[in-house]
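Working notes, beginning with the structure itself.
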Amino acid sequence: MSLLRFFSLSVILTLFNAYAVDVYVKVPSGEVKRYETKSSINSETLIWDPTQYGDRPELKDGETFVIVTVEVAAGKSIGKYDFNLNGAQCIAMATTRTNFNPGNWEYIYGKNLPDGTQVQLLYISKKQKIYLLQYRYDLVSEVYPPEMTSVQLSEDKALIKTAAGAVDKPAINEVVEKPKKDEPEPAKEEVKKEEPKKEEPKAVEKPKKAAPAIDDTFGEF
180 MSLLRFFSLS VILTLFNAYA VDVYVKVPSG EVKRYETKSS INSETLIWDP TQYGDRPELK
240 DGETFVIVTV EVAAGKSIGK YDFNLNGAQC IAMATTRTNF NPGNWEYIYG KNLPDGTQVQ
300 LLYISKKQKI YLLQYRYDLV SEVYPPEMTS VQLSEDKALI KTAAGAVDKP AINEVVEKPK
360 KDEPEPAKEE VKKEEPKKEE PKAVEKPKKA APAIDDTFGE F
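Taking our numbering, the leading residue of the sequence shown gets 180, the next gets one more, and so forth.
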């Protein structure tokens with residue numbers, strides 16, 4: 180294989196396996212600025228201690244590393260497990276000034292996150308046209324509209340803007356009513372049965388005694 184042909188093939192594979200997309204989508208923690216896919220993460224970019232965290236994450240066939248960059252809003256924070264990507268948990272967090280480390284659990288605006296510094300979340304996912312970033316806390320999710328808690332990330336900007344039903348996925352901005360809990364039926368009023376009235380015994384008239392008959396045998400004197 181010629182050197183030129185090898186170089187051209189390498190460029191094509193690199194473009195296929197890795198790309199970055201600016202998205203600008205609002206989420207509860209702030210705003211997703213971009214996401215990118217990578218076919219590998221070196222040991223300097225991801226600091227991993229196997230004695231603490233087990234085997235270093237490796238890609239399987241059809242998988243890719245996905246890095247989601249978030250700008251945390253003033254007064255907000257972002258945690259390692261705040262968001263899932265296509266159902267997968269975050270592997271490690273970093274800032275745009277530091278390396279990824281699975282020991283990083285949370286970045287708080289103005290505390291351990293300087294103003295203007297963005298946070299990056301690292302995931303492993305199946306290669307997709309659309310990556311679904313979902314906020315994990317239902318209680319807080321009720322405060323935010325669905326388009327902020329379930330965000331579609333795609334290299335196709337039109338899909339990001341519409342955020343509705345692409346690639347056989349349900350529309351994320353559709354509000355689904357929660358099933359109502361069965362309410363106890365109101366207590367039925369007991370209908371008191373009227374007791375039958377007792378009939379008073381009728382007075383029985385005693386038979387009158389007949390007056391004694393007068394003996395008129397002797398007749399008149």
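Quick reminder that beta carbons are idealized off the backbone N, C-alpha and C, glycines included.
All values derive from a computational prediction rather than experimental measurement.
Asked                                                                                                : Found
Distance CB(G258)-CB(E215) smaller than 8 Å                                                          : no
Local Cβ density within 10 Å of P349, reported as buried at 16 or more and exposed below that        : Because the pLDDT at P349 is just 34, under 50, the model does not fix this residue reliably, and the value given afterwards should be weighed accordingly. Counting Cβ neighbours within 10 Å, P349 comes out exposed, since fewer than 16 surround it.
Residue nearest to I309 in terms of C-alpha spacing, selected from R315, E334 and D294               : E334
Unbroken beta strand (DSSP E) run spanning Y232, endpoints                                           : Not the beta strand (DSSP E): Y232 falls in the alpha helix (DSSP H), residues P229 to Y232.
Y232 versus P281: straight-line alpha-carbon distance, rounded                                       : 8 Å
Spatial distance of P324 from N278 (CA atoms)                                                        : 32 Å
Through-space distance from K217 to L238, alpha-carbon basis                                         : 10 Å
Cβ neighbours of T248 in the same chain (closer than 6 Å, five flanking residues each side left out) : K212, R213, Q297 and Q299
Coil, strand or helix - E326 by DSSP                                                                 : helix
I246 to V200 span [Cα, whole Å]                                                                      : 11 Å
Span of the beta strand (DSSP E), counted from its first residue to its last, around K212            : G209 to K217
Distance between beta carbons of C269 and L225, contact taken as under 8 Å                           : At roughly 12 Å, the Cβ-Cβ gap does not stay under 8 Å, so L225 and C269 are not in contact.
Three-state class that DSSP yields for Y147 in the structure shown                                   : The displayed coordinates of the chain run from 180 to 400. Any statement about residue 147 would go beyond what the structure contains.
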